[in-house]
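Asker:
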Amino acid sequence: MENLKKRLNIILTVIMLIGGVGVWWLLKLVMPESYFDWYPVIPGFFYIIGLVFVIIVTRDYKENQRKLVNLYMIIKLCKVAASILLGGIYLIFVKVQLRDFSIVFIGFYLLYLGIETYFFYLVEEKIKKNKVNE
87 MENLKKRLNI
97 ILTVIMLIGG
107 VGVWWLLKLV
117 MPESYFDWYP
127 VIPGFFYIIG
137 LVFVIIVTRD
147 YKENQRKLVN
157 LYMIIKLCKV
167 AASILLGGIY
177 LIFVKVQLRD
187 FSIVFIGFYL
197 LYLGIETYFF
207 YLVEEKIKKN
217 KVNE
């Protein structure tokens, strides 16, 4: 699982760096009127959530399929709750360029959803491989 953990961390870091810098470039240089000061919080938020996801999923090797599904659902619920909390904080306290923030946040949410799905796939493949080898 350590090799998988390293691989997932590298994939997450590369995708978030490319996505973060790419969207920053788009907002700052191509559409400067759409850039908002809180932009760096969004890729940072999803990067931290991704790191926590990798630590939790690779830490516990679950034999029981039900426990694994419960773990996945709890992780998804926490991600949604944290996303709503961050969006709510921005909506209530910052109130600047709400449309631009929402579009960028939803874009990163969808990007992270794709990454998370791929990570679930890799973890499941690792579990299946380990079961076959036993």
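In case it helps, our numbering puts the sequence shown at residues 87 to 220.
Beta carbons: idealized from backbone N, C-alpha and C, even for Gly.
Label E202 either buried or exposed according to how many other C-beta atoms from any shown protein chain fall within 10 Å of its C-beta, with 16 as the threshold for buried.
Answerer: Per the 10 Å Cβ criterion, buried.
Asker: Go through the region 104 to 188 residue by residue and report every complete run of the alpha helix (DSSP H) that reaches 4 residues or more, in order.
Answerer: Counting only runs of 4 or more, we get 127 to 145, 151 to 175.
Asker: Go ahead and pull the three-state DSSP assignment for M102.
Answerer: M102 falls in the helix class under three-state DSSP.
Asker: With a cut-off of 8 Å on the beta carbons, I'd call F194 and G130 a contact; round off their distance for me.
Answerer: Actually they do not touch by this definition, with Cβ atoms about 10 Å apart.
Asker: List the whole-angstrom C-beta distance separating K165 from I135, where the pair is believed to meet the contact cut-off of C-beta under 8 Å.
Answerer: Between I135 and K165 the Cβ distance is about 6 Å, and since that is below 8 Å, they are a contact.
Asker: Which value, in whole angstroms, describes the spacing of the CA atoms of L197 and K217?
Answerer: About 31 Å.
Asker: Excluding the five sequence neighbours on either side, which residues of its own chain have a C-beta within less than 8 Å of the C-beta of N95, listed in chain order?
Answerer: Correct list, in chain order: L137, V140.
Asker: Among K212, E210, M87, which one has its Cα closest to the Cα of R145?
Answerer: Checked all of K212, E210, M87; the closest Cα to R145 is M87.
Asker: Going by the beta-carbon positions, is the gap between L113 and Y125 smaller than 8 Å?
Answerer: Closer than 8 Å, so yes.
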